[in-house]
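Notes follow once the structure below has been shown.
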Amino acid sequence: MAELVDIFNDDAFSVASMTEAINEVEVAPDYLGQLGIFRRNPVRSDVIAIETKSESLSVVPVSLRGEPLPQKEKGDRKIRNLNAVRVAQADKITASELAFVRALGLTDAITEVQLEFARRMMSVKEDIVATHENMRLASVQGKLVDADGSVIYDYFSEFDISANTEINFDLANKKDGDLRKLITEKVIRQMRRSAKGARYSEIRAICGDAFWDDLISNSEVRETYKVQQAGHELRAPGTDFELDFAGVKWVNYVGTDDNSEIAVNVDKCHIFPAGKNANVFEMALAPGESFADIGKLGEEFYSLQLLDDKRQQFVELECYSYPLFYPRRPKMLFKGKKG
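So, in structure tokens, the structure goes:
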């Protein structure tokens with residue numbers, strides 16, 4: 002057992018090495034994470050100050066040379082201090098599970114233990130990545146939620162902003178340009194007016210199963226869907242299909258296998274700004290809890306291993322994250338139902 006304990010004293014198992022390794026590990030991409038619309042914002046505190054201000058454009062009256070200039074009115078500024086949340090998960094590796102390293106030399110033993118640690122830590126990290134996706138999904142609805150669905154922050158309430166009224170798409174009856182007109186009036190124009198300087202280059206909608214089925218069955222959408230679907234199968238078979246219709250990219254959102262833990266309501270859709278250089282959503286990253294992390298910029302993941310010093314019977318693997326996902330312009334978020 003002494004030899005095995007010595008392995009954990011190797012530099013490969015230091016907190017810094019393990020944190021660096023866990024941040025380099027790639028995991029299966031998730032839809033909202035893969036879009037890259039949440040701008041990373043590492044901070045040095047677990048309290049994030051978020052400022053909103055009412056910004057509007059105004060026409061400046063002409064003035065004669067030498068006259069005093071008209072002063073621009075200051076916007077209505079509001080600052081809220083919100084706390085980053087802790088998302089953490091642990092796994093335990095017992096001594097009996099590492100018994101096989103007895104037959105290996107020290108170098109091989111270190112390598113094999115590293116591989117086993119990486120496999121187990123990967124499983125822990127995947128749970129946290131899934132939690133991040135769940136928080137992104139809530140953020141495009143203007144909220145931050147816990148795993149059980151309870152609301153931690155409602156950003157509309159936090160900043161005294163009224164949420165947009167849910168749009169009834171009435172997909173079964175819209176025809177002859179009615180659906181395009183509805184999307185233009187209720188989504189595209191309203192989102193443009195609510196941007197107030199925020200950047201976005203496209204609009205996306207994630208749809209529940211029933212909403213999606215009714216959408217692609219709609220008489221206005223059907224032919225567009227058939228043409229784009231055929232082209233998609235030729236260009237990228239086996240990948241997720243996105244429907245480009247009326248200035249919005251629509252997708253049938255795929256969450257967890259049970260379609261309940263991370264999912265969009267089957268009859269609903271959520272519409273939000275996106276694009277390569279969009280700056281509407283942020284992921285603030287607060288630093289870890291150890292003394293070594295004080296005053297440093299936050300990282301996306303922290304990991305460490307804790308040896309059972311008293312009995313030397315197990316090693317506990319822990320992974321932490323301290324994010325805050327939020328929309329900078331909640332008024333740009335829309336929700337719809339199939340009607």
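Numbers given in our numbering equal positions in the sequence shown, counted from 1, plus 1.
We treat Cβ as the ideally placed atom computed from N, Cα and C, and that holds for glycine.
As the structure is a prediction and not an experimental result, all values here were calculated from the model.
Reference residue i; option with closest CA among the options
i: L83; options: S46, E186, V252 and K339; result: S46
i: A173; options: L216, D149, L183 and D128; result: L216
i: K1; options: W213, E221 and E203; result: Only positions 2 to 340 of the chain appear in the structure, and residue 1 is not among them; the question remains open.
i: G290; options: V114, Y303, F282 and M284; result: Just to set this straight, residue 290 is Glu in the shown sequence, not Gly. Measuring from the Cα of E290, the nearest candidate turns out to be Y303.
i: V44; options: Y323, F118 and P328; result: Y323
i: I38; options: D259, N280 and E98; result: N280
i: W251; options: G143, D179, G209 and E301; result: G209
i: V249; options: Q230, S202, S218 and A211; result: S202
i: E301; options: A89, A50, Q313 and R66; result: A89
i: I184; options: E234, F246, T53 and R137; result: F246
i: N165; options: K176, G143, Q72 and A275; result: G143
Contact check, residue i vs residue j, beta carbons under 8 Å
i: E167; j: K338; result: yes
i: E317; j: K126; result: no
i: S140; j: F326; result: yes
i: R81; j: E283; result: no
i: A199; j: R78; result: no
Inter-residue spacing [alpha-carbon to alpha-carbon] between residue i and residue j
i: T132; j: R87; result: 11 Å
i: V267; j: S261; result: 10 Å
i: D259; j: E243; result: 22 Å
i: E117; j: T95; result: 12 Å
i: Y321; j: L286; result: 11 Å
i: N135; j: R223; result: 31 Å
i: L145; j: P69; result: 47 Å
Boundaries (first-last residue) of the beta strand (DSSP E) holding residue i
i: S46; result: Unbroken run through S46: none, as it is neither H nor E.
i: I153; result: V152 to D155
i: Y321; result: F315 to S322
i: L83; result: R78 to N84
i: R205; result: E203 to C208
Residues near residue i by beta carbon distance below 6 Å, same chain, minus five either side
i: I272; result: V188, A206 and F335
i: G150; result: none
i: V265; result: I207, G209 and Y254
i: C270; result: A206, C208, F212 and G337
i: E159; result: R81
Cβ shell of residue i (< 7 Å), same chain only, five flanking positions each side left out
i: D147; result: I153
Own chain, CB closer than 8 Å to residue i, minus 5 neighbours either side, in chain order
i: I295; result: P288
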